[in-house]
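Here the protein sequences come in this chain order: A and B.
At position 270 of the first sequence (counting the first as 1) the number is 270 in this note's numbering, and the numbers step up by one without a gap.
Counting the second sequence from 1 gives a position; this note's numbering is that position plus 1000.
Glycine included, each C-beta is placed from N, C-alpha and C at the ideal position.
Since this is a predicted model, take the numbers as computed values, not measurements.
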Amino acid sequence: MEYAFFPGCIGKNVYPGIEKATRLVFDTLGIGLRDYPYSCCPPPGVVACYDKESWYTIGARNLALSEADDLDIMTICAGCYGTLHNVWHDLKNDKGLFEKVNENLGTIGMSYKGSSMPIHFVDILSGLRDRILEKKEMDLDIRVAVHYGCHYLKPSAVTKEDSEAPKILDEIVGLLGCESVPFKDRLTCCGAGGGVMSGEPDLSLKIIDSKLSNIRGADVDAIINICSFCHMQFDQSQKKLGSYSIPVLHLNQLLGLAFGHKHKHLGLHMNLVATRDLVKKLKLQRKVKA
Amino acid sequence: MRVGVYVCHCGINIAKNVDVDRVVGEISKLPNVIQCRDYHYMCSDPGQELIKKDINKYELNSIVIAACSPRMHLKTFQETLKSAKLNPYMLEMANIREHCSWVHDDKEAATIKAIALVRSAVAKAALLEPLVDNDSPVVPATLVIGGGIAGIQAALDVAEAGYKVYLVEKGPSIGGHMAQFDKTFPTLDCAACILTPKMVDVSKHKNIELLTYSEVEDISGFIGKFNVRVKRKPRYVNEDRCVACGDCAIECRLSGRVDNEFDEGLGKRSAIYVPFPQAVPLKYTIDPEHCLFLTRGKCGKSPKCVDVCDANAIDFEQLPKVEEFEVGTIIVATGYDTFDAAKKPEFNYENIPNVITGIEYERFFAPNGPTGGELVLSDGTVPKNIVFASCVGSRDKKVGNPYCSRVCCMYAAKQAHLTKERAPDADVTVFYCDVRAFGKGYEEFYERVQGEGVKYRRGLVSEIYEEDGKIHVRGEDSLIGTPVDVEADLVVLATGMVPNKDTRKLSQMLHISNSPDGFFLEAHPKLRPIDTATDGIFLAGCAQGPKDIPDTVAQAGAAAAHSIDVLAKGKITIEPYNAVVNPDVCGGCRICEVLCPFDAHHFNDVKGVMEINDTLCKGCGVCGAACPSGAISLNLFRNKQIISQIEAILND
Chain A
1 MEYAFFPGCI
11 GKNVYPGIEK
21 ATRLVFDTLG
31 IGLRDYPYSC
41 CPPPGVVACY
51 DKESWYTIGA
61 RNLALSEADD
71 LDIMTICAGC
81 YGTLHNVWHD
91 LKNDKGLFEK
101 VNENLGTIGM
111 SYKGSSMPIH
121 FVDILSGLRD
131 RILEKKEMDL
141 DIRVAVHYGC
151 HYLKPSAVTK
161 EDSEAPKILD
171 EIVGLLGCES
181 VPFKDRLTCC
191 GAGGGVMSGE
201 PDLSLKIIDS
211 KLSNIRGADV
221 DAIINICSFC
231 HMQFDQSQKK
241 LGSYSIPVLH
251 LNQLLGLAFG
261 HKHKHLGLHM
271 NLVATRDLVK
281 KLKLQRKVKA
Chain B
1001 MRVGVYVCHC
1011 GINIAKNVDV
1021 DRVVGEISKL
1031 PNVIQCRDYH
1041 YMCSDPGQEL
1051 IKKDINKYEL
1061 NSIVIAACSP
1071 RMHLKTFQET
1081 LKSAKLNPYM
1091 LEMANIREHC
1101 SWVHDDKEAA
1111 TIKAIALVRS
1121 AVAKAALLEP
1131 LVDNDSPVVP
1141 ATLVIGGGIA
1151 GIQAALDVAE
1161 AGYKVYLVEK
1171 GPSIGGHMAQ
1181 FDKTFPTLDC
1191 AACILTPKMV
1201 DVSKHKNIEL
1211 LTYSEVEDIS
1221 GFIGKFNVRV
1231 KRKPRYVNED
1241 RCVACGDCAI
1251 ECRLSGRVDN
1261 EFDEGLGKRS
1271 AIYVPFPQAV
1281 PLKYTIDPEH
1291 CLFLTRGKCG
1301 KSPKCVDVCD
1311 ANAIDFEQLP
1321 KVEEFEVGTI
1331 IVATGYDTFD
1341 AAKKPEFNYE
1351 NIPNVITGIE
1361 YERFFAPNGP
1371 TGGELVLSDG
1381 TVPKNIVFAS
1391 CVGSRDKKVG
1401 NPYCSRVCCM
1411 YAAKQAHLTK
1421 ERAPDADVTV
1431 FYCDVRAFGK
1441 GYEEFYERVQ
1451 GEGVKYRRGL
1461 VSEIYEEDGK
1471 IHVRGEDSLI
1481 GTPVDVEADL
1491 VVLATGMVPN
1501 KDTRKLSQML
1511 HISNSPDGFF
1521 LEAHPKLRPI
1531 DTATDGIFLA
1541 GCAQGPKDIP
1551 DTVAQAGAAA
1561 AHSIDVLAKG
1571 KITIEPYNAV
1581 VNPDVCGGCR
1591 ICEVLCPFDA
1601 HHFNDVKGVM
1611 EINDTLCKGC
1621 GVCGAACPSG
1631 AISLNLFRNK
1641 QIISQIEAIL
1651 ND
């Protein structure tokens, strides 16, 4: 099995640990990831609002790159997934738009067919439960708060049927031995997407503050996300707010730990919120079990 | 063939855009046309008289009327022909109104088109053949499926008219959802007080055969003679012997341990039970899913119900019984199911005990309910803050139900009133998106409830969650444009109606369709809301779509009237618009058999040819188009007739 790998701007440039962890984890799972000269996805909040046609065209260019190799595109960020999935969905259902986008792509000698589908990596993991259990080297006996990310779940008409009560992430962390702890408003926005983080920074901080406060109330060892952008919001805002210190891990970093990869190889030290204590706790667990 | 052609002006409806004189001039030149005339209103008495006189005077034997759609006046002119002693099927209509004058504004082009249409009709008229109607006898009985208020009313009305009624109900008692209600809006009549007498009437009526705890397994046949097969599930209680003393239920080892469906699972019953004290028939039933003896083959030393029953009514050996009978008509009154609130996970209906549905709340008020009509929660407290959430599972595309359930606004208002009656100090809030108080006395009732201090907040509930033991309801008050979060002791979800889960199965059995909302489809949304596309099958109540009780009773009465209409005639006349098989040409390939949507084709094994039942055939023509040997043709639409019409249009 092989996928075209769309790392996204944040997972590649701001938190390269996420990209690295993804490569390690999927290598362990025996799934090939192929690289292409991708651009930014680009995000709907800051591009589509101003020029929708360009948004569709750039998105379609990204989708078209792996069409010749007949590979679907794996994303590790709910934002990238939201963009690429919406572009793919809309172009499939709007013939006029499809033709317009192809006309634009023609000026750079490209064309878009719609044959490669964007897939969020969690949906790939969902079909690999047995292999995850097989490759797991240790149980991670910790309490975690999982965060799904709005663009992974919505709009429900084109993405998920169970968007109001998703279970998949809880199930995957459960496979690794983690306890997914319920907390208030767990499905609400992290406050970063939709251009809020850059356009309304104060409001954005207010939203994440209430979210972090709810998570702290659940007394967890880590926040697990499946979106590089949410990851950045959870990690950076804790420093800005100054009153929290809950380690933030992308699901691929958590999987990397369970598969026995070194925490430095997974880029945990590149987070702003220290992950030292969490790593120590896990090492101790390993020793006790051994 | 001696053809007469009559071109109508329809006042100015046709004449305005079609040069009628020119049409008459052109058509008069055609071969076979003996007489061609125009008139201002052909359908009027003088117009019809004109045609009649011509038929006799010129010995016409085929008539063309160029006027409106045959849907409008075909029957009118068929009667004209009959009164002139001409076979009514020697008539062809050319639609030069809906198909021509009404849809064109270029008079020249419209006139040319009108001439072509009439020319084509004349070509067919020359090839028409006389046809005769068939008569078929009607079995003077009606099957009513479903024993809720719709089925009860329809059964009583048909039975009162003197016809036999088989009323089939799948549960152990008739009564339906209405039996679960405490009061009915807007008059606050006690539901049981107005329903139970009707239930008793059903059981006592000499013309009604009540088949409870039974399900329709198969229906075949057609209007006038449907063959019905009903399975009677075993009650494991001999109905003739049971006197409903209730000792068995008291002694049952599972007494008070089985969820009572009638109380929506809030109350408890035994494994042997009557759903409610006013059940009809008042006979006990053993629940095969829970009864220890039936599930494990053992119940202590011996089943207590057997020990205690003086009438010797318990019979564990009972087996399902199949009954077969014939009826002339069928009334479908299968009602609705309530929307499953678990499909809105954001409301946490499954996780928070004091988030309940409207029908569950109804049982709190009912004197025969789990709390004896008291408003107390499971922990013994009286709720102080009660919130109603409207439109749960209705007007919600996300759950696939875009329609309005039409009763939730009003039952929420009624329950808000009943809440205030029992707990005057309680804080009652209704979240709504717009209150639909459309029926007689409904708006007045809504206003009355508002006057009693019930708060209405415009905005739907988005989320219900629990924090520190308190229920929180989140939503938006869209009148002040602010998100709100209110605390509640009890949240009532005003769940809507969804089609009965057996609807699909029944659709296939009866060959009737469903509308996009999943309910049964009526023949016409305005003018034939009681009929279905299958003759002799009628709809009553919520089986056709969400309704309140007055509308349900009205529709049930109408369905009964339509049914009686058929039964009273004693025979049905079948127009000969059916397909016919030429047995000399039919090769017996049976391709047509599977294509027929009405099961009208039956293969004659002896002769090796297909035969078509005139009564079942609706003349859709699918079989004729598919027949590889050209053995099937449609009366009034024979190949040579249609080809001659096409040629006449093309031969300018």
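Alpha helix (DSSP H) segment containing residue i, residue limits
i: MET270(A); result: Here MET270(A) belongs to no alpha helix (DSSP H), and DSSP marks it neither H nor E.
i: TYR1058(B); result: 1045-1058
i: ALA1121(B); result: 1107-1125
i: LYS211(A); result: 201-217
i: ALA1625(B); result: 1622-1626
i: ILE1250(B); result: 1247-1251
Short CB-CB distance (under 8 Å) between residue i and chain B
i: LYS184(A); result: yes
i: ALA145(A); result: no
i: SER156(A); result: yes
i: ALA165(A); result: yes
Residues that residue i bridges to, as DSSP identifies them
i: ARG143(A); result: GLU179(A)
i: LEU1195(B); result: For LEU1195(B), which the question treats as bridged, DSSP gives no partner whatsoever.
i: HIS1602(B); result: GLU1611(B)
i: LYS1455(B); result: THR1429(B)
i: HIS250(A); result: ASN225(A)
i: VAL1005(B); result: CYS1036(B) and VAL1064(B)
i: ASN1095(B); result: ALA1067(B)
i: HIS1524(B); result: ARG1528(B)
i: LYS1565(B); result: The amino acid occupying residue 1565(B) in the given sequence is Asp; Lys does not appear at that position. Answer is none; ASP1565(B) lacks a bridge partner.
i: THR1142(B); result: VAL1165(B) and THR1329(B)
i: THR1338(B); result: MET1497(B)
i: VAL1580(B); result: SER1633(B)
i: TYR3(A); result: LEU33(A)
Where the beta strand (DSSP E) containing residue i begins and where it ends
i: ASP1477(B); result: 1470-1477
i: VAL1594(B); result: Taken as a continuous stretch (DSSP letters only), VAL1594(B) belongs to no beta strand (DSSP E), being part of the alpha helix (DSSP H) at 1591-1595.
i: GLY1297(B); result: Note, GLY1297(B): premise wrong, no beta strand (DSSP E); not H, not E.
i: ILE1464(B); result: 1461-1467
i: LYS1231(B); result: 1225-1232
i: ASP1652(B); result: First-last for ASP1652(B): undefined, no H or E at that position.
i: SER1394(B); result: Taken as a continuous stretch (DSSP letters only), SER1394(B) belongs to no beta strand (DSSP E), as it is neither H nor E.
Presumed contact (8 Å Cβ cut-off) between residue i and residue j, rounded CB distance
i: PHE1316(B); j: TYR1213(B); result: 16 Å between Cβ atoms; not a contact.
i: LEU1375(B); j: PHE1364(B); result: 6 Å
i: GLY1335(B); j: GLY1541(B); result: 6 Å
i: ALA4(A); j: ILE73(A); result: 5 Å
i: ILE246(A); j: ILE223(A); result: 6 Å
i: SER1513(B); j: LEU1521(B); result: 4 Å
i: SER1563(B); j: THR1329(B); result: 4 Å
Proximity test, Cβ basis, 8 Å: residue i and chain A
i: TYR1442(B); result: no
i: LYS1398(B); result: yes
i: GLU1476(B); result: no
i: PRO1345(B); result: yes
i: GLU1487(B); result: no
i: GLU1467(B); result: yes
Proximity test, Cβ basis, 8 Å: residue i and chain D
i: LYS95(A); result: The question asks about chain D, but that chain is absent: this structure's protein chains are A and B.
Mind pulling the alpha helix (DSSP H) runs of 4 or more residues that sit fully within the region 63-141 of chain A? 78-93, 95-106, 121-126 and 129-135
Only counting runs of 4 or more residues, tell me where the alpha helix (DSSP H) segments fall wholly within the region 1398-1431 of chain B, in order along the chain. 1408-1422
Any beta strand (DSSP E) of 3 or more consecutive residues that is wholly inside the region 1478-1515 of chain B: 1482-1488, 1490-1495 and 1497-1499
Length at least 4, wholly inside the region 1168-1220 of chain B: the alpha helix (DSSP H) runs in chain order: 1191-1204
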